[in-house]
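Start counting the sequence shown at 12; every next residue gets the next number (the numbering used here).
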Amino acid sequence: ISSSGQFTTDDETFLSFKTGGIVKAIYVKEGDAIKKGQLLAMLELTEIDAAVSQAKVGYEKAARDFRRVENLYKDSVATMAQYQDAKSAFDIAAHQLEIAKYNLNHSEIRAITNGFILKKFVSEGELVNAGMPVLQTNGAGNGTWILKVGVSDNEWSAIRINDLALIESDAAPNEKLEAKVFRKSE
Numbered sequence: 012i013s014s015s016g017q018f019t020t021d022d023e024t025f026l027s028f029k030t031g032g033i034v035k036a037i038y039v040k041e042g043d044a045i046k047k048g049q050l051l052a053m054l055e056l057t058e059i060d061a062a063v064s065q066a067k068v069g070y071e072k073a074a075r076d077f078r079r080v081e082n083l084y085k086d087s088v089a090t091m092a093q094y095q096d097a098k099s100a101f102d103i104a105a106h107q108l109e110i111a112k113y114n115l116n117h118s119e120i121r122a123i124t125n126g127f128i129l130k131k132f133v134s135e136g137e138l139v140n141a142g143m144p145v146l147q148t149n150g151a152g153n154g155t156w157i158l159k160v161g162v163s164d165n166e167w168s169a170i171r172i173n174d175l176a177l178i179e180s181d182a183a184p185n186e187k188l189e190a191k192v193f194r195k196s197e
């Protein structure tokens, strides 16, 4: 059976931002080699920084209010309900600050492994929603490649798992790579 195909890996990943926003920069292009931890893209941070600042102010106010009510409660001036309400508001503000900081930290995309950029879905200046694919990567940096080949129904039924295969590639024109079939599409 003679057929053509596409080299890929088993670990293709779609990368996206946790929050939506305007894409400030994309630092890679299709085909680029990437290293684990490398900054690949980031959002415009104006709105996200404002949310962090707002959460900090809310946290500081809730902390002041809680300390004030706590002292009043110790002096038997504030009620238990007022103390508990102030404590709850302080806890909520702390969690809101934590969420805002988390969103700030996830307003950039970093490579999760060594590999390559397979596809770029958006450009700088575009508005993206949370979870919308921005880049597709693979972990080809580990050297494990797969050749996906399209075959006819008759050829598919003749192919067996562990059948031997020879691969010829334009990348190495005078070389034949030995391979084996390890999976068949259902």
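Think of the CB as a built atom: it goes at the ideal place given N, C-alpha and C, for glycine as much as any other residue. If you're wondering where the values come from, they're calculated on a predicted model, not measured in any experiment.
- Query: What is the DSSP secondary structure of residue 108, reduced to helix, strand or coil?
  - Reply: helix
- Segments of 4+ residues assigned as alpha helix (DSSP H) that fall wholly inside the region 126 to 187: Qualifying alpha helix (DSSP H) stretches, in chain order: 164 to 169.
- Message: Here's a check: name, in chain order, each residue in its chain whose Cβ is nearer than 6 Å to the Cβ of residue 137, leaving out the five neighbours to either side.
- Response: 34
- Residues sharing a beta bridge with residue 91, DSSP: According to DSSP, residue 91 bridges with nothing at all.
- Query: For residue 21 versus residue 157, is the C-beta distance shorter than 8 Å?
  - Reply: yes
- With a cut-off of 8 Å, do at least 3 Cβ pairs link the region 36 to 51 to the region 78 to 98? Verdict: no, contact absent.
- Pairwise C-alpha distance: residue 110 and residue 67: 11 Å
- Message: Is the beta carbon of residue 115 closer than 8 Å to that of residue 162?
- Response: No, these two residues do not count as a Cβ contact at 8 Å.
- Opening and closing residue of the beta strand (DSSP E) in which residue 35 lies: 32 to 37
- Close beta carbons around residue 94, own chain, < 6 Å, minus the five adjacent residues each side: Counting only residues of its own chain and dropping the five nearest sequence neighbours on each side, residue 94 has a CB closer than 6 Å to the CB of 80 and 84.
- Among 188, 176, 172 and 179, which one has its Cα closest to the Cα of residue 197? 172
- Item | C-alpha distance - residue 159 paired with residue 112, whole-angstrom precision | Here the C-alpha atom of residue 159 lies approximately 42 Å from the C-alpha atom of residue 112.
- Alpha-carbon spacing of residue 185 relative to residue 147, whole angstroms: Residue 147 has its alpha-carbon roughly 31 Å from the corresponding atom of residue 185.
- Sorted by chain position, which residues of the same chain lie with C-beta nearer than 7 Å to residue 121's C-beta, five sequence neighbours on each side aside? 48, 49, 50 and 51
- Which residues does DSSP pair with residue 25 in a beta bridge? 147
- In chain order, what residues of the same chain lie with their CB nearer than 6 Å to the CB of residue 96, ignoring the 5 residues before and after it? none
- Task: List the residues that DSSP assigns as beta-bridge partners of residue 197.
- Result: Bridge partners of residue 197: none, in fact.
- Taking Cβ positions, are residue 125 and residue 142 nearer each other than 8 Å? no
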